[in-house]
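Q: If you scroll down you'll find the structure; I have some questions about it.
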Amino acid sequence: MSPASRIDTEGIVRAAFDVLDREGFAALSMRTLAARLEVKAASLYYHVPNKAALLQLVADRVARQVIAAFAPGLPWRELLHGMARDLREALRTHPGAAAVVAVRNTSPEVFEKAVPLVLSAMHEGLRLTDDEALHLVQALYVLVTGLALAEFGETPDPPAAPAAYYDAWFDTAVSTFLDGIQARHGA
Numbered sequence: 001m002s003p004a005s006r007i008d009t010e011g012i013v014r015a016a017f018d019v020l021d022r023e024g025f026a027a028l029s030m031r032t033l034a035a036r037l038e039v040k041a042a043s044l045y046y047h048v049p050n051k052a053a054l055l056q057l058v059a060d061r062v063a064r065q066v067i068a069a070f071a072p073g074l075p076w077r078e079l080l081h082g083m084a085r086d087l088r089e090a091l092r093t094h095p096g097a098a099a100v101v102a103v104r105n106t107s108p109e110v111f112e113k114a115v116p117l118v119l120s121a122m123h124e125g126l127r128l129t130d131d132e133a134l135h136l137v138q139a140l141y142v143l144v145t146g147l148a149l150a151e152f153g154e155t156p157d158p159p160a161a162p163a164a165y166y167d168a169w170f171d172t173a174v175s176t177f178l179d180g181i182q183a184r185h186g187a
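So for the sequence shown, UniProt numbering puts the first residue at 1; every next one is plus one.
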């Protein structure tokens, strides 16, 4: 069996994460992936139509991992803090993906699966509209992605500061954001 007949979308996405984590966002190209998978670049286009689609698959994979950790019945603050923590952990696991997540929105079909759970939690303890709730979730996602980009954005170079610095920065930013939601929309 030729190498081209053994590739699939999942293998391409795994290879993309490998390139992102080891070499960084700038190194990710269809040509680089093809070389890593030992196929011609044209073989990739059967599974992934272009680089934009590949980046979308990466962003959606990270979002799916975060959403999978959502638990029904959590209070809004616990749900959002868990989302922030899980997003940071996903980006710590795949530091090169921070640059992708920073420039790609999650696909609606991925995010929509979390909407009922998020709205239920946020309406339980807060006074806000559905749109406000979803905007706040998106804003927190962007905040954490920005923090992760500052921490991991130079992949493959290590972070510029010690881990404790970034931990404190994350804790301060997320708790301040959540305190702001409580102050503005608390029941």
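Don't be surprised by glycine CBs; every beta carbon is placed ideally from N, CA and C.
It should be emphasised that the depicted structure is a prediction, and the values quoted were computed from it without experimental measurement.
(1) Taking C-beta to C-beta, are Gly96 and Ala187 nearer than 8 Å?
(2) Tell me whether the beta-carbon of Ala139 lies closer than 8 Å to the beta-carbon of Val101.
(3) Counting Cβ pairs closer than 8 Å, one from the region 170 to 182 and one from the region 107 to 119, do we hit at least three?
(4) To which residues of the same chain is Thr9 closer than 8 Å at the C-beta, ignoring the five residues directly before and after it?
(5) Mind checking whether Ala98 and Gly153 have CB atoms under 8 Å apart?
(6) Here's a check: name, in chain order, each residue in its chain whose Cβ is nearer than 7 Å to the Cβ of Thr32, leaving out the five neighbours to either side.
(7) Rounded to the nearest angstrom, how far is the Cβ of Leu87 from that of Val66, given a contact under 8 Å?
(8) Quick one: give me the first and last residue of the alpha helix (DSSP H) that Thr172 is part of.
(9) Considering only the alpha carbon of each residue, which of Leu80, Ala148, Ala163 lies closest to His135?
(10) Would DSSP call Leu126 helix, strand or coil?
(11) Hey, how far is the Cα of Lys51 from the Cα of Tyr165?
A: The structure says:
(1) Within the sequence shown, the letter at position 96 stands for residue 96. Within the sequence shown, the letter at position 187 stands for residue 187. No; because the gap between Cβ atoms is not below 8 Å, this pair is not in contact.
(2) Residue mapping note: residue 139 aligns to position 139 of the sequence shown, counting from 1. Residue mapping note: residue 101 aligns to position 101 of the sequence shown, counting from 1. Contact flag unset, no.
(3) no
(4) Position 9 of the sequence shown holds residue 9. Counting only Cβ-Cβ distances below 8 Å, and skipping sequence neighbours, we find His47, Val48, Leu57.
(5) Stepping through the sequence shown from its first residue, residue 98 is reached at position 98. Stepping through the sequence shown from its first residue, residue 153 is reached at position 153. In contact: Ala98 and Gly153 (Cβ atoms closer than 8 Å).
(6) Reading the sequence shown from its first residue, position 32 is the one you call residue 32. If we look at Thr32 and ignore the five residues flanking it on each side, its Cβ neighbours are Val19.
(7) Residue 87 sits at position 87 when you count from the first residue of the sequence shown. Residue 66 sits at position 66 when you count from the first residue of the sequence shown. The pair is a contact, with the Cβ atoms about 5 Å apart (cut-off 8 Å).
(8) Counted from its first residue, the sequence shown places residue 172 at position 172. First-last of the alpha helix (DSSP H) with Thr172: 163 to 185.
(9) Counting from 1 along the sequence shown, the entry for residue 135 is found at position 135. Among Leu80, Ala148, Ala163, the Cα nearest to that of His135 belongs to Leu80.
(10) Working through the sequence shown from its first residue, we reach residue 126 at position 126. Three-state result, Leu126: strand.
(11) Numbered from 1 along the sequence shown, position 51 holds the residue referred to as residue 51. Numbered from 1 along the sequence shown, position 165 holds the residue referred to as residue 165. Going from the Cα of Lys51 to the Cα of Tyr165 covers about 34 Å.
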